[in-house]
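Number of protein chains: 4
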Amino acid sequence: MIHDFEPTTFHLSIGSHEPVLRVASGDTIRTWCVDSGGFGPEGEDLTDGGNPMTGPFYVEDAKSGDTLAVRLDRVRPNRSRGVSGARIAPNVLDPMFIPEYGSVDQREVWWTLDLDRRSAKLEDPPAGLASLGEVKLDPMVGCFGVAPDRGQAISTATSGPHGGNMDYRGFREGVTVFFPVAAEGALFHIGDGHALQGDGEIVGTGIEVSMDVEVTLEVVKKRIRWPRADDSTFVMAVGNARPLDQAVQHATTELVTLLHEDYGLDFPAVSTLLGQFIRYDVGNVFDPAYTMVAKVEKALVERL
Amino acid sequence: MIHDFEPTTFHLSIGSHEPVLRVASGDTIRTWCVDSGGFGPEGEDLTDGGNPMTGPFYVEDAKSGDTLAVRLDRVRPNRSRGVSGARIAPNVLDPMFIPEYGSVDQREVWWTLDLDRRSAKLEDPPAGLASLGEVKLDPMVGCFGVAPDRGQAISTATSGPHGGNMDYRGFREGVTVFFPVAAEGALFHIGDGHALQGDGEIVGTGIEVSMDVEVTLEVVKKRIRWPRADDSTFVMAVGNARPLDQAVQHATTELVTLLHEDYGLDFPAVSTLLGQFIRYDVGNVFDPAYTMVAKVEKALVERL
Amino acid sequence: MIHDFEPTTFHLSIGSHEPVLRVASGDTIRTWCVDSGGFGPEGEDLTDGGNPMTGPFYVEDAKSGDTLAVRLDRVRPNRSRGVSGARIAPNVLDPMFIPEYGSVDQREVWWTLDLDRRSAKLEDPPAGLASLGEVKLDPMVGCFGVAPDRGQAISTATSGPHGGNMDYRGFREGVTVFFPVAAEGALFHIGDGHALQGDGEIVGTGIEVSMDVEVTLEVVKKRIRWPRADDSTFVMAVGNARPLDQAVQHATTELVTLLHEDYGLDFPAVSTLLGQFIRYDVGNVFDPAYTMVAKVEKALVERL
Amino acid sequence: MIHDFEPTTFHLSIGSHEPVLRVASGDTIRTWCVDSGGFGPEGEDLTDGGNPMTGPFYVEDAKSGDTLAVRLDRVRPNRSRGVSGARIAPNVLDPMFIPEYGSVDQREVWWTLDLDRRSAKLEDPPAGLASLGEVKLDPMVGCFGVAPDRGQAISTATSGPHGGNMDYRGFREGVTVFFPVAAEGALFHIGDGHALQGDGEIVGTGIEVSMDVEVTLEVVKKRIRWPRADDSTFVMAVGNARPLDQAVQHATTELVTLLHEDYGLDFPAVSTLLGQFIRYDVGNVFDPAYTMVAKVEKALVERL
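Chains as they are written, first to last, in this note's numbering: chain A, 4 to 307; chain B, 4 to 307; chain C, 4 to 307; chain D, 4 to 307.
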């Protein structure tokens, strides 16, 4: 079943908030999200900024200990302007270099989006970028996830086992992301659209934009500990923590567990395989919690 | 000029050791390296293990404050067997998971290499990997660099501004790597060949193999602070440190500096560009010091 | 005014929960807390474990941006048995050592408390500790704080700018702790009593015990960013984060700010003073977020 | 036997340098050290700055795998002026605060030392510190240790298993420090005297001063992995690494091993004891590698 949902309230935390819609496992939701600043499809100021979420959506039959599969059927910017930061976050620079880097007056830049051509152009390029010209969009979801355990409500500025503000470029249209359900109904939230983003979200933003999204939610009766994902090419596991070393530990351990439990490989086999074929992608290195993705080619795993 | 050099001594640290050969800037050296365990092209035990280095090579006219450009003209495994670890390093796993992961009896696995087909096969696959079959090689240099400052000699188990054991898959044939010279003659060392390696070198090895290498060394009269690299597609900067967060800081700062100094971009332009286009690659997350590579597409930068 | 309060509900997160009592600034509350496992003064199982909190207490006139001063007038274990962990947490051990350390069968040990003598004895000492005999208690509050911003509710397993599970030995009777108010009424929570605890809470517990507490709450019309504290000897600032390096950054920055704003010292003076006189104490290194305390002697500061 | 030794050469790394003196196990050496900037007892500029070391001293019969016990018999500043930094290192401040903290013009301050009264006074106090007056000295050794393994020579700016620049206040007169020997003769180095220092050496210096030192060196036929120490009150273990979390792991693991091997406690006993009685002290949080000390009261351990 397909639900069309018009959001009117938005949350700055992911938690056990009152559901805005109840859907069955397997249903699809067509809705939209304001941008990270709370601005809508017409650029109108709809709510406080800081990654306001559309939702939460209650999924029938989802219980703590289950997994929620979220297929990103459609992730499309829905307006023709986006904004990005123009200052690299101090936490990704050498502390000794920060005073030299100093304060950068121009703190944000605007981009004109051509939704048909799926491209963007700087409106008023900083000196030296006039010739950058048209760049290709690669739309993605910055922040989404399910209610965490213990009745917590966690700021959409950060991330954890429940998902949240992971800012991973790989969370684009066509990908399925899996979240560990910790509250009845899963309580799925989504927002923080980026028309484009570099690794790490090191200026604190992608090209921030409101977007139309379509997601299919399905309850899977298995337990995972950290988000996982699947695109046409890779199986992935996500770790959210700081330092990045700990995110590496979470992501690697979850990928090991995935290969062990889902593919029946024992640990020497997992080690031999991942030792030569694992890939790491960096999500957010801006938030309180950083994001690391560990992945391995499906083609390789499917030989086994 | 091309020098053919037969190594007879090997070093377990990168430092101000007696040069084995003096070359001019622009010269090419054809030589070979034992594998990380000290075994040679015939599998013969030639020296103590732990990443023994061929070199150091003294480059005329290289002074502290200069840069040594190292073009990897040829990086080829030179024997038909390689070995890899079969246990993921505890430091990349969740501490709570380590006791469950436990000790893995089979601690190494052997691969047969087909140098013509540039592929490898497990000789005695761990249970579950029998059907893995033939995999493609992607040879690379695990450990190389120049003598560090202060007359230091730093173990080839780790890395730093001088290079060292970075284990980055991207250091393959055709790439040019730049090192900050800190001692007269630069004193270039090279070794630790991998026929294949996953990101992070999380089993503590790639497919370890002796190899033939050919490098062209050139002195550049400019100052860099961390290694840089250039392949046909990306300009890169490398950070070596722990935690990985600090490696991110070093690599990002060096890439910022590169764009600022070499391409004349001021900081708002650098920020705007890298914010949407930076890519991070993970080198070693096994060593005392971890390695992170920050990079951006040359095509993009060359538009500016 | 003194309020006697009997708790009947307990929270596993610190957040904007329904207040259990409203008090005026300057009022004192006499109440008690279950232990971290949810057990009460008679050892009765009263609620789910995981640091259940008494509260929240709403303090009239406390607004976001204010500070809540919490004077710990009385912190007393109120029963004659306590329990502690008997296995050092893997995250504070070398990853390579964890398999050797292995699983420890005896996972908790019980202590008999003599409340008059303020001492404890192991009930059934692990081999080798029979002669440990009587040890002195040093009761403290493990977890307390105020509702965080954005309507968040954060697990009492962790900590942040709002306080939470800091497990700092210095939070004992007689000390005043300051929290940054982020929600109307401040919403103060308290629990997780320890009759004794080593630095770092490295076995995941102190001697866990229910306790009687008496606190005086006062609203201060100033803004702080991280918890601060004052005992008779030191002024302190607290950082909660992981890695510990970041907790050091938060605590040091808050202490610098304290000396700058409250004592009027400019940065060269602050630097000169702290450079030779700062002291660091380690709180929790067990939780998701670690705790570091930066402090300086009051006697020294008061000379200025 | 007591040796009086006049240093004439100094090293900026700790490594397998030519010994300046050979002594027997149990011998005492009376010598002196330049300050961290290379200035001697008369303030004369004797060598390049950056923690120049006196030594190395070769101790007969010390083999790799042994332990060198270094008793600090005497640690005394030997001139009447010292210098300290006046700017907190950026790496211990919140990255977002660094631009506000900015550059501090006055980068060092001088102190007059009264060696008889064992006190210091600021010569030209930064604004606000005029009334600080006389402060008590607490002299200590900032940097000392033995040659590392693999023939390495490691900069005296950093630290490791071999010791090095640990800057721990507890390394004062009367304390015995134990180093793991990794090269024949141990090759002991010492320097970097501080007349006073706060925890963490957060301005990059203590009160830097040349000093007279007297040390008794003894070879112990046992293996340790990280430095240990013993004063009249505590047994201690030292971890040197970054992040501080890893230094915690090294120090805790070494203290666990110490209690297990030297006192025969099994792991549940060690856990129970350290859980309630461990103390952590912070050494250097300025260097590439940070230092953490884990310790426990001798009186407590000796009951067992």
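Note that CB positions come from ideal geometry on N, CA and C, so glycine has one too.
Q.
Can you pull the chain D neighbours of Gly-188/B, defined as C-beta to C-beta under 8 Å?
A. Translated into positions along the second sequence, residue 188/B becomes position 185. Taking a Cβ-Cβ cut-off of 8 Å, Gly-188/B has no neighbours in chain D, whose nearest Cβ is about 17 Å from it.
Q | Neighbourhood of Leu-49/B by C-beta distance below 6 Å, restricted to the same chain and skipping five residues each side | A | As a first step, residue 49/B must be located in the second sequence, where it is residue number 46. So the list reads Val-37, Gly-41, Gly-43, once near-sequence residues are dropped.
Q. Excluding five sequence neighbours on each side, which residues of the same chain lie with their C-beta closer than 8 Å to the C-beta of Ser-28/D?
A. For the purposes of this step, residue 28/D is taken as the residue at position 25 of the fourth sequence. Apart from the 5 residues on each side of it in sequence, Ser-28/D sits with its Cβ closer than 8 Å to the Cβ of Val-62, Glu-63, Asp-64, Ala-65, Leu-220, Glu-221, Val-222 in its chain, given in chain order.
Q. Beta strand (DSSP E) containing Thr-219/B: first to last residue?
A. Locating residue 219/B in the second sequence gives position 216, counting from the first residue. Residues 214-223.
Q. Nearest CA to the CA of Gly-68/C: which residue from Pro-151/C, Gly-145/C, Ile-32/C, Leu-132/C?
A. Locating residue 68/C in the third sequence gives position 65, counting from the first residue. Nearest of Pro-151/C, Gly-145/C, Ile-32/C, Leu-132/C to Gly-68/C, Cα basis: Pro-151/C.
Q. So, is Thr-12/B buried or exposed, given that buried needs 16 or more other C-beta atoms within 10 angstroms?
A. Stepping through the second sequence from its first residue, residue 12/B is reached at position 9. With a 10 Å radius around the Cβ and a threshold of 16 neighbouring Cβ atoms, Thr-12/B comes out exposed.
**Q.** Contact the stretch 281-294 of chain D vs the stretch 239-259 of chain D: 3+ CB pairs below 8 Å
**A.** Contact between the stretch 281-294 of chain D and the stretch 239-259 of chain D is present, because at least three Cβ pairs lie under 8 Å.
Q: Report all residues from its chain with a CB closer than 8 Å to the CB of Ser-122/B; omit the five preceding and five following residues, and keep chain order.
A: Here residue 122/B refers to the residue found at position 119 of the second sequence. Same-chain partners within the cutoff: Leu-116, Glu-137, Val-138, Lys-139, Leu-140.
Q) In three-state DSSP terms, what is Val-184/B? A) Translated into the one-based positions of the second sequence, residue 184/B becomes position 181. When DSSP states are grouped into helix, strand and coil, Val-184/B belongs to the coil group.
Q: Work out the CA separation of Gly-278/A and Trp-229/B for me, nearest whole Å.
A: Residue 229/B sits at position 226 when you count from the first residue of the second sequence. Residue 278/A sits at position 275 when you count from the first residue of the first sequence. Cα to Cα, the separation comes out at about 27 Å.
Q. Should Arg-306/A be labelled buried (16 or more other beta-carbon atoms within 10 Å of its own) or exposed?
A. Here residue 306/A refers to the residue found at position 303 of the first sequence. That one is exposed.
Q.
Based on DSSP bridge pairs, tell me the residues matched to Ala-244/A.
A. Within the first sequence, numbered from 1, the residue matching residue 244/A stands at position 241. Looking at the DSSP assignment, Ala-244/A forms a beta bridge with Tyr-293/A.
(Q) Going by C-alpha to C-alpha distance, which of His-192/B, Leu-24/B, Ile-91/B sits closest to His-14/B? (A) To locate residue 14/B, count along the second sequence from 1; it is residue 11. Considering only alpha carbons, the answer is His-192/B.
**Q.** 8 Å Cβ cutoff, Arg-245/A in contact with chain C
**A.** Within the first sequence, numbered from 1, the residue matching residue 245/A stands at position 242. It does: the Cβ of Arg-245/A has a partner Cβ on chain C nearer than 8 Å.
Q) Using 8 Å as the limit for Cβ to Cβ distance, is Arg-228/C near chain A? A) To locate residue 228/C, count along the third sequence from 1; it is residue 225. Residue-level contact check: Arg-228/C does not touch chain A, since none of the beta carbons of chain A fall below 8 Å from its beta carbon.
Q. Does Val-26/A come within less than 8 Å of chain B when only Cβ atoms are used?
A. Looking up residue 26/A in the first sequence gives position 23. Under the Cβ criterion of 8 Å, Val-26/A is not counted among the residues facing chain B.
Q | Spatial neighbours of Leu-135/A in its chain, beta-carbon cut-off 7 Å, leaving aside the 5 residues before and after | A | Taking the first sequence and counting its residues from 1, one reaches residue 135/A at position 132. If we look at Leu-135/A and ignore the five residues flanking it on each side, its Cβ neighbours are Leu-125, Pro-128.
Q: Could you tell me how far apart the beta carbons of Ser-87/D and Thr-159/C are, in whole angstroms, since I believe they sit closer than 8 Å?
A: In the fourth sequence, the residue the question calls residue 87/D occupies position 84. In the third sequence, the residue the question calls residue 159/C occupies position 156. Between Thr-159/C and Ser-87/D the Cβ distance is about 42 Å, and since that is not below 8 Å, they are no contact.
Q) Does the beta-carbon of Lys-298/D have 16 or more other beta-carbons within 10 angstroms, so that it is buried, or is it exposed? A) The residue you call residue 298/D lines up with position 295 of the fourth sequence. Lys-298/D should be labelled buried.
Q.
What residue range does the beta strand (DSSP E) around Val-285/D cover?
A. Along the fourth sequence, one-based indexing puts residue 285/D at 282. Looking at the DSSP string, the run of the beta strand (DSSP E) that includes Val-285/D is 282-285.
Q: Only counting runs of 4 or more residues, tell me where the alpha helix (DSSP H) segments fall wholly within the stretch 81-129 of chain D, in order along the chain.
A: List check, alpha helix (DSSP H) in window: 101-104.
Q: Pull up the distance between the alpha-carbon of Gly-18/C and that of Arg-74/C, whole angstroms please.
A: Taking the first residue of the third sequence as position 1, residue 18/C is located at position 15. Taking the first residue of the third sequence as position 1, residue 74/C is located at position 71. C-alpha separation (whole angstroms): 21 Å.
Q. What's the C-alpha gap between Val-178/D and Glu-300/D?
A. As a working mapping, residue 178/D is identified with position 175 in the fourth sequence. As a working mapping, residue 300/D is identified with position 297 in the fourth sequence. The straight-line gap separating the alpha-carbon atoms of Val-178/D and Glu-300/D is approximately 14 Å.
(Q) Between Gly-267/A and chain B, is the shortest Cβ-Cβ distance under 8 Å, so that the two count as touching? (A) If you number the first sequence from 1, residue 267/A lands on position 264. Chain B contact via Cβ: present.
Q) If the cut is a Cβ gap below 7 Å, which residues of chain C does Met-99/B touch? A) Numbered from its first residue, the second sequence carries residue 99/B at position 96. By Cβ distance, chain C contributes Pro-93.
Q) What first and last residue would you give for the beta strand (DSSP E) that runs through Ala-302/D? A) On the fourth sequence, position 299 is the one that residue 302/D refers to. From DSSP, Ala-302/D is part of no beta strand (DSSP E) but of the alpha helix (DSSP H) over 301-305.
Q | Euclidean distance between Cα positions of Thr-57/A and Pro-98/A | A | For this step, residue 57/A is matched to residue 54 along the first sequence. For this step, residue 98/A is matched to residue 95 along the first sequence. Rounded to whole angstroms, Thr-57/A to Pro-98/A spans 37 Å at the Cα level.
Q: Check the Cβ of Arg-282/A against every Cβ in chain B and list those closer than 8 Å, keeping chain order.
A: The residue you call residue 282/A lines up with position 279 of the first sequence. Those are Gly-201, Asp-202, listed as they occur along chain B.
Q) How many angstroms separate the CA atom of Asp-2/A from the CA atom of Asp-7/A? A) A question about residue 2/A goes unanswered here, because the residues of chain A that appear run from 4 up to 307.
Q. With distances taken between CB atoms, is the gap from Leu-24/C to Val-149/C smaller than 8 Å?
A. Against the third sequence, residue 24/C aligns to sequence position 21. Against the third sequence, residue 149/C aligns to sequence position 146. Contact flag unset, no.
Q: Using a Cβ cut-off of 9 Å, pull out every chain F residue sitting near Gly-209/C, in sequence order please.
A: Given the protein chain composition of this structure (A, B, C and D), no chain F is represented.
(Q) Under DSSP, the beta strand (DSSP E) around Asn-168/D begins and ends at which residues? (A) Here the question's residue 168/D lines up with position 165 in the fourth sequence. Start and end: 166-168.
Q: Could you tell me whether the Cβ atoms of Val-78/C and Pro-10/C are closer together than 8 Å?
A: For the purposes of this step, residue 78/C is taken as the residue at position 75 of the third sequence. For the purposes of this step, residue 10/C is taken as the residue at position 7 of the third sequence. With contacts defined by Cβ atoms closer than 8 Å, Val-78/C and Pro-10/C do not form a contacting pair.
**Q.** Residue from Ile-32/D, Arg-153/D, Asp-51/D with nearest C-alpha to Gly-52/B
**A.** In the second sequence, counting from the first residue as 1, residue 52/B sits at position 49. Out of Ile-32/D, Arg-153/D, Asp-51/D, Arg-153/D has the C-alpha closest to the C-alpha of Gly-52/B.
Q. Within the 8 Å Cβ cut-off, does Pro-10/C reach chain B?
A. The residue given as residue 10/C occupies position 7 in the third sequence. No - not a single Cβ of chain B is within 8 Å of the one on Pro-10/C.
Q. Under 9 Å Cβ-Cβ, which residues of chain D neighbour Pro-102/A?
A. Within the first sequence, numbered from 1, the residue matching residue 102/A stands at position 99. Here the neighbours are Pro-93, Ile-101, Pro-102, Tyr-104, Gly-105, Ser-106.
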